[in-house]
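Protein chains in written order, with my numbering: chain A, 76 to 459; chain B, 835 to 1169; chain C, 160 to 450; chain D, 27 to 278.
In structure tokens form, the structure reads like this:
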């Protein structure tokens, strides 16, 4: 018995050692794309489609001959939504795996905790998280593909303004996404002549928000805006319908997926949100340059994974394509060359929007890239 | 003979110092140093927690909150208000000590699971405050922390330093600092354990009523050790914040508290070197399991569960027990 | 005004009933073994997820539910036999870590089998909300309350009227004495875990139409259940129910009247307050120190 | 000179049941005072009341003229009272010697700073404490166990170890709760010797004991309890001839 435990302990120690040191063996040939995503944990509905997208397109690009004649090698670690883990994996990517470029950071917290390290290692880093602080002020090596949460707030408030709404109730989750979105909304509301009369929150794993919604309803608002992601907004939507609140209802881009419609069911009828065109590929105007890209991505993703496409996966798609473009333009994986190529990409037509990057703008999207959609008969409809 | 060698205070400290000195020869790059530095800082925290959990037998499921308060006070006071890191670190330790004293007094009257519940509640309340007060703490997205400076000299992980004609990287200097901090933490912890105070603490675990009838004011000693372990956590939280340069409320969360106490139990309660081993294992495990992707969570749970079922006393005490059995066939005399 | 109050009350009672059911599961296991089972939340998850996935295979709802509950019961027995029983000598903290390890493991397996997404489960009855005095209630909430009440009554009957129930109680009071009078304590412990798993999974199934279900739904519900059980007094069935309902109502009232930001903080402060005045919870046994 | 311990009108109820009722007695300094009575007579409850582990429902307990009702056990220890337990209360996570050294807790004045940095003053105190503890272990006949883990000792040895720990506190009065329970004949004889030696040092001994031979041999005075009430008190001679006591013991 005791011998067995000894042997087991020895085996464990050997595995531990092997795991840490084995990865330091260098192979010079492939282009190394590093990635840390929240593939599990509370933010997995961001990280999971992002990872699937990266995996399938790296495969596809390699099948098509790679980039600059070299194969791509994806090195991915799952940070489970934990910022400290993300930082450690970023450390591993730049210091141990010595990757050429990093695509990742599903949430603002994981991105921001990894950013200082990656900056220092002078490795190009394309984040897939939303908050405005990632690229403002500009950090030389940090880029991002999603629109900022401020843009989402601006689009929603703009749409409210056009409907003549001036008094709004806000409900957001206390996680990173909702909390940052809430701050942005409160900051820009005045620009649209809108007053936030109620400002409520709920925990990311709460199961009932009727109390908060009752409070908002009693505040005398004309519309309600929910900033959050995950199952929370679906519950808010259901509670909203259940309470019979008959006011215009808005969600953020955080729920822009068909999954949300399934969860919220008929309660979602009539609500609006800002989203990438990915949800309504066929309603796009034929002249719209994004139409083909969007249709393609949706078809390929759904065929490969047999599950519905999500906006978040598209961030990874755009990130990968931008990275590939930059490496091709730089003609090598020289980090400074790739970085400078990245910040000069103009007119890249992606799934999320059309990117025009510059040394001053490391995201390159405008608020217009968000489309306003409305749910009608259980389907997404393009409004604007 | 071997028994006394294992338990002699100098021996443990010596082994640890030796490991810290030899380890750099096995560390191949900055990532390895990075993990080692974090292990050092967390280990020092856990050595403090072990005084409370392992020696005095009081369970805390909210200890990460003290770590978090130290870290956040350092981040906010040095970052937002531009105070100097070391005074802030000491100030934070005092504040955390006071918080621990104030909450400790009433909740340490509780026993067993009720104490776990109360520490969990205190931890949660602190976490919620850090998470919600976005304007001060940066909220769930986190806050960046300036690098550590000692007497005006900045210690940045990313810089190189000329010391005695040698060029040393900031990372290496941090490694030295973390090593020194850990040795200091262990030295102090051992001094406490091996003293009348330590005896009183262990008697609280062994038999509280016996301790009381010989005159030990158990309430006072429980709150003393609660404060000591909270101060340990606060100081190491501050260093951790300066080292990583960015912190999020997760470091104050319930999950992190569970990780900390798991390190104690896994390594071996009431064994100072054991809990350090616990830190090493739990810090390495995610890096090793990272290659298993989808299976990671399942394997982590399984390893944790099996280790605790088959080694309920923890890794090091079990291994020591086995080693003793191998090396000395005769049973102990006088039994 | 009244409508508002009623709304908060209904919300609180619905959430509270769920907490109460989770707390009852804690209580059962605690009573028989003095173990706090941090994997309790996973029973809820198994109940909800298994039902959804079985329904996805085309099974009618009642059969899916029965199979899911049985699955959870087997899991409960397995947990006791494979994880708790071998570690009988372990200390309290060690047992806590073992159950935490078990819960991570179960979650890891569930994630592999069922994926990471949230799933919808249809309500048992109609989807129309019920209106009472200007406030509304999800019709499923009525089901939750109904199931919770029935389970509580059944449990009370079980412990007071059946031999095996009395055996569990006897074991909880004094394991050695119970063994002396011929109670097979290991069997009793197994039974307690099974019952706890059955109750947990039924709770999980009952709330799934309201809360959705996913592989990680058990974490927070499990934690809140522990809070409710401790507040009510570990080992007390009445305490579990009262603790759960109180916790739910406090959360809803705080969110409604004070601050939704701090509703959990207020709930946790209240537990501290309760424990401050009643160190063994509201209905915990007042045990005299024996030396 | 007034009594060392003076108890008047002591009541203790558990959930409506009186474990001790209307009890009054006093113990003079230097006595070996024994409390006897059938099982469930309330002897251990009485000890728990005197040593501050339980708080009385009613009544007064005075130690050297000072009321000590409501004081914590550790405060009573400071006033020179120490005890042993019927069910052993030994710290199994320590060595035998450390258990006895724990008994000298109140005699050690080391402060926190001298502990943190292991200052010479603290080391000196510790060395003296260790010496005294070894002495006491030899005194009670546990000399061979100095470096043994408490968990590895026999029941009889632990019983004596507990007495050594109580003595380490330099008490004025020591309360022994059934010290002979579970001991064999030789061990009991040794215990009787030990109690005599303790009493000779001027320490008052209060004893709860079932072993009548032991009790009658060493006691100066006895208190007989039955159902929480005083049945009789007096010298061993008086008790032996008391008809109530005989009835209670034979009938009980």
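For glycine and all other residues, C-beta sits at the position ideal for the given N, C-alpha and C.
Since we're looking at a predicted model, the values are computed, not measured.
Closer than 7 Å to chain B by CB, residue i
| i | result |
| --- | --- |
| residue 57 of chain D | no |
| residue 267 of chain D | no |
| residue 286 of chain C | no |
| residue 99 of chain A | Low confidence applies to residue 99 of chain A: its pLDDT is 41, below 50, so where it sits in the model is not reliable enough to give any reading. |
| residue 210 of chain C | no |
| residue 132 of chain D | yes |
| residue 162 of chain A | yes |
| residue 161 of chain D | no |
| residue 425 of chain A | no |
| residue 103 of chain A | Per-residue confidence for residue 103 of chain A stands at a pLDDT of 49, beneath the threshold of 50, marking its modelled position as unreliable; no derived number is given. |
Buried versus exposed, by CB contacts within 10 Å (16 or more), residue i
| i | result |
| --- | --- |
| residue 343 of chain C | exposed |
| residue 474 of chain A | Nothing about residue 474 of chain A can be reported from this structure: the residues present for chain A run from 76 to 459 only. |
| residue 49 of chain D | buried |
| residue 422 of chain A | exposed |
| residue 273 of chain D | exposed |
| residue 1070 of chain B | buried |
| residue 267 of chain A | buried |
| residue 97 of chain A | Low per-residue confidence applies at residue 97 of chain A: pLDDT is 44, beneath 50, and the placement is therefore not dependable enough to give any value. |
| residue 170 of chain A | buried |
| residue 191 of chain D | buried |
| residue 332 of chain C | exposed |
Residue-chain proximity (residue i, chain A), Cβ-Cβ < 7 Å
| i | result |
| --- | --- |
| residue 940 of chain B | no |
| residue 864 of chain B | yes |
| residue 1124 of chain B | yes |
| residue 421 of chain C | no |
Proximity test, Cβ basis, 7 Å: residue i and chain D
| i | result |
| --- | --- |
| residue 846 of chain B | no |
| residue 1171 of chain B | No answer is possible for residue 1171 of chain B: it lies beyond the span of chain B, which begins at 835 and ends at 1169. |
| residue 851 of chain B | no |
Residue i at chain C interface by Cβ criterion, 7 Å
| i | result |
| --- | --- |
| residue 1128 of chain B | yes |
| residue 306 of chain A | yes |
| residue 1138 of chain B | yes |
Heavy atom of the ligand PLP within 6 Å of residue i beta-carbon
| i | result |
| --- | --- |
| residue 1108 of chain B | This structure lacks the ligand PLP; in fact it carries no ligand of any kind. |
Legend entry - Meets three-Cβ-pair contact criterion under 8 Å: the stretch 140–157 of chain D and the stretch 1046–1061 of chain B: no
Legend entry - the stretch 1058–1069 of chain B / the stretch 884–898 of chain B touching (three or more Cβ pairs under 8 Å): yes
Inset, instruction - Would you be able to state if there are at least three C-beta pairs under 8 Å between the stretch 100–115 of chain D and the stretch 1036–1046 of chain B? - result: yes
Inset, instruction - Let me know the beta strand (DSSP E) ranges lying completely inside the stretch 1030–1102 of chain B, each 3 residues or longer, listed in chain order. - result: none
Inset, instruction - May I ask you to list, following chain order, the residues of the stretch 869–892 of chain B that have a beta carbon less than 7 Å from some beta carbon of chain D? - result: none
Legend entry - Near-chain A residues of the stretch 285–312 of chain C (beta-carbon distance less than 7 Å), N- to C-terminal order: 288, 295, 297
Legend entry - the stretch 933–943 of chain B / the stretch 393–409 of chain C touching (three or more Cβ pairs under 8 Å): no
Inset, instruction - Report yes or no: do the stretch 960–971 of chain B and the stretch 903–917 of chain B share at least 3 C-beta pairs separated by less than 8 Å? - result: yes
Inset, instruction - Go through the stretch 208–249 of chain C residue by residue and report every complete run of the alpha helix (DSSP H) that reaches 4 residues or more, in order. - result: 220–237
Inset, instruction - Counting only runs of 4+ residues fully inside the stretch 128–193 of chain A, write out the alpha helix (DSSP H) ranges in chain order. - result: 158–166
Inset, instruction - Mind listing, in chain order, the continuous alpha helix (DSSP H) runs of no fewer than 4 residues lying wholly within the stretch 879–916 of chain B? - result: 897–908
Legend entry - Chain-ordered residues of the stretch 171–186 of chain A with a beta carbon less than 7 Å from chain B: 171, 183, 184
Inset, instruction - Take every Cβ of the stretch 210–226 of chain A, pair it with every Cβ of the stretch 248–260 of chain A, and state whether three or more of those distances are shorter than 8 Å. - result: yes
Legend entry - Residues of the stretch 358–375 of chain C with Cβ closer than 8 Å to any Cβ of chain A, in chain order: 366, 369, 370, 371, 373, 375
Inset, instruction - Determine contact between the stretch 259–275 of chain C and the stretch 323–330 of chain A, defined as no fewer than three beta-carbon pairs at a distance below 8 Å. - result: no
Inset, instruction - Closer than 8 Å, Cβ to Cβ, to anything on chain B: give me those residues from the stretch 251–266 of chain C, in chain order. - result: 251, 252, 253, 255, 256, 257, 259, 260, 261, 262, 263, 264, 265, 266
Inset, instruction - Give the residues from the stretch 141–161 of chain D that approach chain B closer than 9 Å (Cβ to any Cβ), ordered along the chain. - result: 141, 142, 143, 144, 148, 151, 152, 155
Legend entry - Contact the stretch 1007–1017 of chain B vs the stretch 1025–1039 of chain B: 3+ CB pairs below 8 Å: no
Legend entry - Residues within the stretch 1072–1090 of chain B neighbouring chain C, beta-carbon criterion of under 8 Å: 1088
Legend entry - Short-range partners of chain C found in the stretch 275–289 of chain A, where Cβ spacing is below 7 Å: 275, 276, 277, 278, 280, 282, 283, 285, 286, 287, 289
Inset, instruction - Select from the stretch 98–124 of chain D all residues with a C-beta closer than 9 Å to any C-beta belonging to chain B, and list them in chain order. - result: 98, 99, 100, 101, 102, 103, 104, 107, 108, 109, 110, 111, 114, 115, 116, 117, 118, 119, 120, 124
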